[in-house]
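Novice:
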Amino acid sequence: MAQRVTYRRKLHYNTRSNRFSLARTPGGKVSVHYLKKRVNGPHTPKSLGHTRLPGTKCLRIVDAKNKTKRMKTVTRAYGGVLNHAQVRDRILRSFILEEQKLSKKSTGRRA
9 MAQRVTYRRK LHYNTRSNRF SLARTPGGKV SVHYLKKRVN GPHTPKSLGH TRLPGTKCLR
69 IVDAKNKTKR MKTVTRAYGG VLNHAQVRDR ILRSFILEEQ KLSKKSTGRR A
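Position one of the sequence shown corresponds to residue 9 (my numbering), numbered consecutively onward.
(1) Under the three-state reduction of DSSP, which class applies to ARG17: helix, strand or coil?
(2) Please classify ASN74 as buried or exposed, where buried requires at least 16 neighbouring CB atoms within 10 angstroms.
(3) Of all the beta strand (DSSP E) runs that stay within the bounds of the segment 12–56, which reach a length of 3 or more residues?
(4) Output yes or no for whether 9 Å exceeds the beta carbon distance between VAL47 and ARG68.
(5) Beta carbon of HIS20, beta carbon of SER29: below 9 Å?
(6) Buried or exposed: which applies to VAL82, given that a residue is buried once 16 or more other Cβ atoms fall within 10 Å of its Cβ?
(7) Counting C-beta neighbours from all protein chains within 10 Å, is the total for PRO126 16 or more, i.e. buried, or is it exposed?
(8) Within the 9 Å Cβ cut-off, does ASP71 reach chain B?
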């Protein structure tokens with residue numbers, strides 16, 4: 009039978025915020041080690057695929073608060089919001105639209 013342990017904090021219910029693992033101390037006693045909640049980390053917007061952003065860390069809000077901006081984002085346009093492929097698509101789309109405007113203008117002059 010598994011060894012019984014007592015909670016070390018005041019919350020005595022088996023909730024998501026009260027998860028723990030068992031650790032054996034050097035004295036042979038089994039002790040409770042509380043676990044932190046897992047974090048998914050930054051993702052692209054749901055409308056654009058909701059994929060994980062490479063180059064960014066999975067930080068809990070409490071830990072992210074104390075980190076600098078450089079630690080939380082990627083130094084690029086839309087860094088920490090869009091991934092590299094989505095930024096490239098936006099740049100290409102805007103370039104093609106500008107080219108279309110210029111070509112319409114030049115064809116309008118000829119006529």
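Positions of the beta carbon are idealized from the N, C-alpha and C atoms, including for glycine.
Specialist: Let me spell this out:
(1) The residue labelled residue 17 in the question sits at position 9 within the sequence shown. Note: ARG17 maps to coil in three-state DSSP.
(2) Start at 1 with the first residue of the sequence shown, and residue 74 comes out as number 66. Flag for ASN74 reads exposed.
(3) 28–32 and 38–42
(4) As a working note, residue 47 is residue 39 in the sequence shown. As a working note, residue 68 is residue 60 in the sequence shown. Yes. Within cutoff.
(5) Taking the sequence shown and counting its residues from 1, the one referred to as residue 20 is at position 12. Taking the sequence shown and counting its residues from 1, the one referred to as residue 29 is at position 21. Not closer than 9 Å, so no.
(6) Counting from 1 along the sequence shown, the entry for residue 82 is found at position 74. Burial call: buried.
(7) Shown here, the chain extends from 9 to 119; a query on residue 126 therefore has no answer.
(8) In the displayed structure, chain B is absent; only one protein chain is listed.
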